[in-house]
Structures are given as C-alpha cells and as structure tokens.
Amino acid sequence: MAGEMLETVRKAEEAAERTVQTARAEGEKILAEARADACRKIEAARAEAEQRIREREAQAEAEAEQKIRAMNRKTERRLEEIRAYAEKRKEEAAGLILEELFGTEKEIP
10 MAGEMLETVR KAEEAAERTV QTARAEGEKI LAEARADACR KIEAARAEAE QRIREREAQA
70 EAEAEQKIRA MNRKTERRLE EIRAYAEKRK EEAAGLILEE LFGTEKEIP
C-alpha cells in the first residue's frame, strides 16, 4: 500500500511536471507572439512616422519654392521699376544736356 501511494505520488508529480512544462512552453509561445506583434506594430508606426516626415518635407519644400517664386516675381517687378526710373532720369539728363548745349529743349526720339 505504501508502495502504491508512492507510485501514485510519483505519477502525480510527473503529471504536474508535464503540466508545468506545457504551461511554460505555452507561455513562451505567447510571449514570443506578443514580442513579434509588438515589433510589427513598432515597425508600422516607424514607417508611418517616416511617411509623415517625407510628406511634411515635401510640403515645406513646395511652400519654400512658392515663396521663392513670389519673391523673384516681386524682385523682377522692382527691377523693372528701377530700370524705368533710370531710363526716365537718363532721358531727362539728356534733355538737360541738349538744352545746355543748344539753348532749347529737344525731344529725344
């Protein structure tokens, strides 16, 4: 009887050990799956963040180009105004020179 009890206890211990090993294996599998899932989520978030950064960079570049074009147009207009003013002053100076030389105002064609 004592032998049977010892055998029953041994079998119960073996069954408990198998249960622990099975639970440990399942826990390790669940942990590995959770890690893999976390890695996938992190990678997806990283890819999304990189995409947002690229979009923001492209938008900033487009806005900068637009501002540069606007500044160039404004600068060109201002240069035209300066050229026109310089041409007018040149014509006035030429008229004054002619007047000084000939005593009368002459129109420059």
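Okay, so the sequence shown: first residue is 10 according to the working numbering, each after it adds one. Cβ coordinates follow ideal geometry from the N, Cα and C atoms, glycine included.
Would you report the Cα separation of residue i and residue j, rounded to the nearest angstrom?
| i | j | result |
| --- | --- | --- |
| E59 | G36 | 34 Å |
| R87 | A102 | 22 Å |
| E23 | R49 | 39 Å |
| K97 | A71 | 39 Å |
| E9 | A32 | Here the chain comprises residues numbered 10 to 118, so residue 9 is not present and cannot be evaluated. |
| E52 | A34 | 27 Å |
| A21 | E57 | 53 Å |
| A67 | E74 | 10 Å |
| A79 | A54 | 37 Å |
| E26 | V18 | 12 Å |
| R44 | V29 | 22 Å |
| L105 | I77 | 41 Å |
| K99 | F111 | 18 Å |
| N81 | I91 | 15 Å |
Go ahead and pull the three-state DSSP assignment for residue i.
| i | result |
| --- | --- |
| M14 | helix |
| G104 | helix |
| G112 | coil |
Runs of alpha helix (DSSP H) lying entirely within the stretch 24-84, each at least 4 residues, in chain order: none
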